[in-house]
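Participant: For this note's numbering, add 11 to where a residue sits in the sequence shown, where the first one is 1.
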Amino acid sequence: MADQETEAPAPKTAQESDPPTTMFAIALIGSVVGIISVVAFDFGGWYERIAFGITPIQRWHYIGIFENPIQFIVFAAIAVALGYSGYVSFTAIRSKSYPKDRLMRNGLLLSAVSAAVLLVIAIIFAAATLPDEPEDWWLDTGFYGGFIGAGVSAAMFWLARRSAKSAGSGAS
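(1) Can you give the Cα-Cα distance for Asp53 and Pro31, rounded to whole angstroms?
(2) Take the Cβ of Thr140 as the centre, count every other Cβ of all protein chains shown within 10 Å, and call the residue buried at 16 or more, exposed below.
(3) DSSP state of Pro80, grouped into three classes?
(4) Roughly how many angstroms separate the alpha carbons of Val99 and Ile46, rounded to a whole number?
(5) If you drop the 5 nearest sequence neighbours on each side, which residues of the same chain put their C-beta closer than 7 Å to that of Thr24?
(6) Ile76 CB to nearest chain B CB: under 9 Å?
(7) Please state the DSSP three-state secondary structure of Pro110.
(8) Counting Cβ pairs, one atom from each stretch, are 3 or more of them under 8 Å apart for the region 114-128 and the region 78-94?
(9) Mark Ser183 as exposed unless 16 or more other C-beta atoms lie within 10 angstroms of its C-beta, in which case mark it buried.
(10) Might you give, ordered along the chain, the residues of its own chain that have their beta carbon closer than 8 Å to the beta carbon of Gly94, omitting 5 neighbours on each side?
(11) Using the Cα positions of Ser106 and Ile134, report the straight-line distance between them to the nearest angstrom.
(12) Work out the CA separation of His72 and Arg113 for me, nearest whole Å.
(13) Please report the straight-line C-alpha distance between Arg60 and Glu146, rounded to a whole angstrom.
(14) Contact check, Gly64 vs Trp149 under 8 Å by CB: the rounded distance?
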C-alpha cells in the first residue's frame, strides 16, 4: 500500500460559514407566536360589579385587536412588525446564509420595539384600571404571548447579528 497523504479540508471562510439557523428558527417561532397571540387573543381585561338598586350588574371589559379602531391600529402594527421580523428569519433559514446586516438590524429593532410597546400598553392599562377599583383585572394571552414572542425574536436577532459580525459576514 502506498502512503497516501490526505489533506484536511480547508476551513470555511467567513462568507462560506453556515449561519446560525437555529437562532433564526427561534426568532421565526417567536415572531409567529407574537403575531398569533396579538391577533387571536385578548390583551387584557377587567371585571366590575355595579349595584343598581337590588340587582347588581356584572360587566366584563376586554382589550384586544377587535375592540375598537385605535386598538386595531396599534395591535395590527405590532403584528406587521413581527411579520417583517419573521420574514427576515424565514429568508435567512431558506437561503442558508446571513441576511444583510441592515435586514437583521431592522428585524431586531422591530421585534424590540414591539416588545417595548406591548410593555408600555400593559403599564398604561394597569395604571388606568387601578384607580377605578375593579373587582378584578388581568393581562391575557395577547400580552404574554406577544411580549415573550417579540422578546425572544429580538434576542435571537441580536445574537445572530453578533455572530455574523464575529464571522465577518452579513455585511451591508
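The C-beta atom is built at its ideal place from N, Cα and C for all residues, glycine as well.
Facilitator: This is what the structure holds:
(1) Mapped onto the sequence shown, residue 53 falls at position 42. Mapped onto the sequence shown, residue 31 falls at position 20. Distance between the alpha carbons of Asp53 and Pro31 is about 34 Å.
(2) Within the sequence shown, the letter at position 129 stands for residue 140. Classified as buried, Thr140 has 16 or more neighbouring CB atoms from the shown chains inside 10 Å of its CB.
(3) What you label residue 80 is simply residue 69 of the sequence shown in a count that begins at 1. Annotated three-state conformation of Pro80 is helix, per DSSP.
(4) Within the sequence shown, numbered from 1, the residue matching residue 99 stands at position 88. Within the sequence shown, numbered from 1, the residue matching residue 46 stands at position 35. Going by the C-alpha atoms only, they are around 15 Å apart.
(5) Locating residue 24 in the sequence shown gives position 13, counting from the first residue. Residue placement at Thr24 is flagged as unreliable, the pLDDT there being 45, under the threshold of 50; the coordinate-derived value follows with that caveat. Nothing listed; no residue qualifies.
(6) The structure shown has no chain B; it contains just one protein chain.
(7) Looking up residue 110 in the sequence shown gives position 99. Three-state DSSP puts Pro110 in coil, outside helix and strand.
(8) With a cut-off of 8 Å, the region 78-94 and the region 114-128 count as touching, because enough Cβ pairs lie within range.
(9) Counted from its first residue, the sequence shown places residue 183 at position 172. Here the model assigns Ser183 a pLDDT of 48, short of 50, so the residue's position is not dependable and the matter cannot be decided.
(10) The residue given as residue 94 occupies position 83 in the sequence shown. Counting only Cβ-Cβ distances below 8 Å, and skipping sequence neighbours, we find Ser42, Ile46.
(11) Locating residue 106 in the sequence shown gives position 95, counting from the first residue. Locating residue 134 in the sequence shown gives position 123, counting from the first residue. Put simply, the backbone Cα of Ser106 is about 40 Å away from that of Ile134.
(12) What you label residue 113 is simply residue 102 of the sequence shown in a count that begins at 1. What you label residue 72 is simply residue 61 of the sequence shown in a count that begins at 1. Rounded to whole angstroms, the separation of the alpha carbons of His72 and Arg113 is 41 Å.
(13) Locating residue 60 in the sequence shown gives position 49, where the first residue counts as 1. Locating residue 146 in the sequence shown gives position 135, where the first residue counts as 1. When rounded, the distance between both Cα atoms is 7 Å.
(14) What you label residue 64 is simply residue 53 of the sequence shown in a count that begins at 1. What you label residue 149 is simply residue 138 of the sequence shown in a count that begins at 1. Rounded, the Cβ-Cβ distance is 29 Å, inconsistent with contact.
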